[in-house]
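Data block below; observations after.
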Amino acid sequence: MADRRSTKAKKKKKAATLTSRKSSRQKHPKSPLLAKDARNGAPGASRGKQFLSDKVGHFTESVIREMTRQAMLYGAVNLAQGFPDFSAPAEIKHAAQQAVAADVNQYAITWGAKNLRNAIARQMGVWQGITVDPEKEITVCCGSTEAMISTLLAVCNAGDEVVIFEPFYENYGPDSVLSGAKPKFVKLRPPTTDGGEWTFDEKELRRAFDKHTKAIIVNTPNNPTGKVFTRAELELIRDLCVEFNVLAITDEIYEHILYEGTEHLSMVTLDGMHERTVTINGMSKTYSVTGWRVGWAVAPERITNAIRKVHDFLTVGAPAPLQEAGAVALSLPPEYYAKLAEGYRVRRDHLMPSLTAAGFKCFRPRGAYYVMTDISAFGYKDDVSFAKYLVQEIGVATVPGSSFYRDPRDGARQVRFAFCKKPQTLDDAAHRLAKLRVTARP
Ligand SMILES: Cc1ncc(COP(=O)(O)O)c(C=O)c1O
């Protein structure tokens with residue numbers, strides 16, 4: 057116990073030294089947790105002529121990734137960043153080893169190894185009934201992250217607008233800004249009843265569309281809310297896309313992580329959407345290999361050609377041996393996916409009761425592996441001060457809700473937990489969270 061306390065004290069001292077060293081070197085603290093003037097696409101302060109692009113002044117470093125660094129600094133349990141702390145499937149690790157041993161170690165075809173593109177096209181047929189031409193309609197990228205930014209760079213011009221539901225996965229804001237487009241946000245409102253759904257207002261969505269709208273980003277199953285968009289909601293979005301001649305760029309990276317029989321529907325399957333949808337997906341979440349950096353964008357030929365050009369000059373290609381392993385991963389039997397979803401259902405139901413017992417109000421996810429919570433009961437000034445207290449004093453890293461909104465005030469009462477972790481990790485977090493005190497009056 058004494059040992060643990062002295063280690064904790066040492067870590068705190070190290071952190072304090074780092075902070076004071078930093079503040080003596082630079083006037084503006086670099087931590088995105090502290091940089092209030094430039095978050096989520098909001099303009100930063102103008103600093104006259106300088107060597108930096110104006111664009112980077114419009115967003116901060118990722119708060120999610122920063123929370124992982126904070127977790128390491130303070131020895132906290134990392135329920136912030138969405139990566140599994142358990143093993144990837146043995147078959148696909150073996151396939152990657154074999155590919156390296158067989159000398160698949162040089163550049164793959166720029167837009168993706170043939171085996172992987174064929175497997176993606178085949179599985180899109182199996183899972184969603186979509187016919188895809190692997191030669192002309194798929195671009196394999198360095199993760200779905202690169203697929204998203206390559207797509208936005210390929211389709212956006214200065215002055216274009218991109219509609220984004222918020223809370224949103226934090227990359228979309230900076231992605232839009234980097235591509236020269238202006239993000240336009242539409243609110244997803246939290247459920248008002250226990251177990252209810254996150255919803256959006258049809259009129260607000262319609263108001264976001266006009267002649268400048270180039271694209272809408274739809275992330276379903278959704279990070280951070282766990283919302284899975286229904287057919288009716290997707291049809292409503294489809295109608296607006298058709299009426300205003302807008303592209304849908306979908307992020308379906310949690311396609312296989314669904315609970316209670318909830319079904320995932322791909323936007324591209326809806327009438328009228330084939331010619332105006334870019335479907336983005338990847339290996340990270342489905343096969344627990346977030347470090348491999350293999351993802352893809354599927355789009356009509358003309359758009360694919362543009363995405364391929366951007367992708368080529370950004371990265372040349374995704375890791376060749378891991379693409380071969382990807383083809384093996386996409387050949388896993390249906391039981392694999394059923395087990396994956398059930399494993400996450402168990403983890404969700406493991407974590408949520410301890411969060412509720414500690415005083416969090418949980419918004420039950422229908423898909424993906426995060427739970428958004430309301431922190432009003434703890435009486436903190438805002439989500440950032442609460443998240444700092446959690447990581448530094450309680451020993452659990454979360455993501456402050458404000459990092460998922462353009463206006464930090466909208467997320468000031470929320471933090472997000474990731475539950476893609478081993479049972480022991482979730483138990484450890486629960487044990488630490490039990491020390492929290494609820495202070496606010498109901
Ligand atoms: C919605 C969403 N899209 C994309 C990503 C990143 O995916 P990739 O590892 O394929 O770049 C994440 C990771 O957390 C995510 O939550």
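In my numbering, the protein residues as written are 57 to 498. Every residue, glycine too, gets a C-beta built ideally from N, C-alpha and C. Quick caveat: nothing in here was measured; it's all calculated off a predicted structure.
**Prompt:** Is the distance from the Cβ of GLY185 to the Cβ of THR371 below 8 angstroms?
**Reply:** no
**Request:** Say whether the stretch 468 to 483 touches the stretch 427 to 440, bearing in mind that this needs 3 or more beta-carbon pairs closer than 8 angstroms, one atom from each stretch.
**Result:** Touching, yes.
**Message:** By DSSP's criteria, ALA304 is part of a beta bridge. Which residues make up the other side?
**Reply:** ILE272 and THR333
**Request:** Indicate the three-state DSSP secondary structure (helix, strand or coil) for THR248 in the structure shown.
**Result:** coil
**Asked** What is the DSSP secondary structure of MET428, counted as helix, strand or coil?
**Response** DSSP places MET428 in the strand class (E or B) of the three-state scheme.
**Prompt:** Once you ignore the five residues that flank PRO190 on each side, which residues in its own chain have a CB closer than 6 angstroms to its CB?
**Reply:** Answer for PRO190: ARG173, ASN174 and ALA177, listed in chain order.
**Message:** As a quick exercise: from LEU292, THR281 and GLY138, pick the residue whose alpha carbon is nearest that of GLU260.
**Reply:** LEU292
**Message:** Using a Cβ-Cβ cutoff of less than 8 angstroms, which residues in the same chain neighbour THR454 once the five nearest sequence positions on both sides are dropped?
**Reply:** MET123, LEU135, ALA136, ALA443, LEU446, VAL447, VAL471, ARG472 and PHE473
**Asked** Is it the case that the CB of THR346 approaches a heavy atom of ligand 1 more closely than 7 angstroms?
**Response** Flag set: Cβ of THR346 near ligand 1.
**Message:** Only counting the same chain, and skipping five residues up and downstream in sequence, which positions put a Cβ closer than 7 angstroms to that of TYR163?
**Reply:** VAL372, GLY373 and ALA376
**Item:** Whether VAL525 touches GLU193 by CB criterion (8 angstroms)
**Value:** Summary: the structure shown does not reach residue 525, with the chain confined to residues 57 through 498, and so no result is reported for it.
**Prompt:** Where does THR124 fall in DSSP's three states?
**Reply:** helix
**Prompt:** Roughly how many angstroms lie between the CA atoms of PHE241 and GLN153, to the nearest whole one?
**Reply:** 43 angstroms
**Request:** Kindly indicate which residue of TYR436, SER235, GLN379 and GLY252 has the alpha-carbon position closest to the one of SER206.
**Result:** SER235
**Asked** Which first and last residues belong to the beta strand (DSSP E) in which PHE473 is found?
**Response** It spans 470 to 474 - the beta strand (DSSP E) in which PHE473 sits, taken as one unbroken run.
**Item:** When LEU492, ASP405, LEU489 and TYR461 are compared against ARG245, the one with the closest alpha-carbon
**Value:** TYR461
**Message:** Taking 6 angstroms as the limit between beta carbons, can you name the residues of its chain near LEU296, skipping five residues before and five after?
**Reply:** PHE265
**Asked** Can you check whether the CB of VAL218 is closer than 8 angstroms to the CB of ALA271?
**Response** yes
**Asked** At which residues does the beta strand (DSSP E) containing PHE221 begin and terminate?
**Response** Segment 217 to 222, the beta strand (DSSP E) holding PHE221.
**Prompt:** So, is HIS150 buried or exposed, given that buried needs 16 or more other C-beta atoms within 10 angstroms?
**Reply:** exposed
**Three-state secondary structure (DSSP) of ASN171** = Secondary structure of ASN171 (DSSP, three-state): helix.
**Selected residue, minimal CA-CA separation from TRP254, among ARG262, PHE285 and ASN213** = PHE285
**Proximity test, Cβ basis, 8 angstroms: ARG422 and chain C** = Absence of chain C from the displayed structure is noted, only one protein chain being present.
**Message:** Using DSSP's beta-bridge definition, name the partner residues of LYS417.
**Reply:** LYS417 is bridged by DSSP to ASP430.
**Request:** Please state if the CB of SER459 and the CB of ILE120 are separated by a distance shorter than 8 angstroms.
**Result:** yes
**Item:** 7 angstroms CB neighbourhood of HIS268 in its chain, flanking five on each side removed
**Value:** Close CB contacts of HIS268 within its chain, under the 7 angstroms cut and outside five residues either way in sequence, are with GLY215, ASP216 and GLU217 (chain order).
**Prompt:** Of the residues ASP438, ASP484, SER387 and VAL494, which one's Cα is nearest the Cα of GLY181?
**Reply:** Looking at ASP438, ASP484, SER387 and VAL494, the one whose alpha-carbon comes closest to that of GLY181 is SER387.
**Cβ-based burial, GLY138 [other Cβ within 10 Å; buried from 16]** = buried
**Asked** DSSP on GLY338, reduced to helix/strand/coil?
**Response** strand
**Request:** Evaluate PRO409 with the Cβ neighbour count: other Cβ atoms within 10 Å of its Cβ, from every protein chain shown; 16 or more gives buried, anything less gives exposed.
**Result:** exposed
**Item:** Cβ-Cβ separation, THR195 to THR360 (assumed contact under 8 angstroms), whole Å
**Value:** 6 angstroms
**Prompt:** Would ARG404 pass as a contact of PHE475 if the rule is Cβ separation under 8 angstroms?
**Reply:** yes
**For ARG125 and LEU89, the rounded distance between their alpha carbons** = Unreliable placement is indicated for LEU89, whose pLDDT of 45 sits below 50; no coordinate value is reported for it.
**Item:** Start and end residues, beta strand (DSSP E) containing THR195
**Value:** Counting along the chain, THR195 sits inside the beta strand (DSSP E) bounded by residues 194 to 197.
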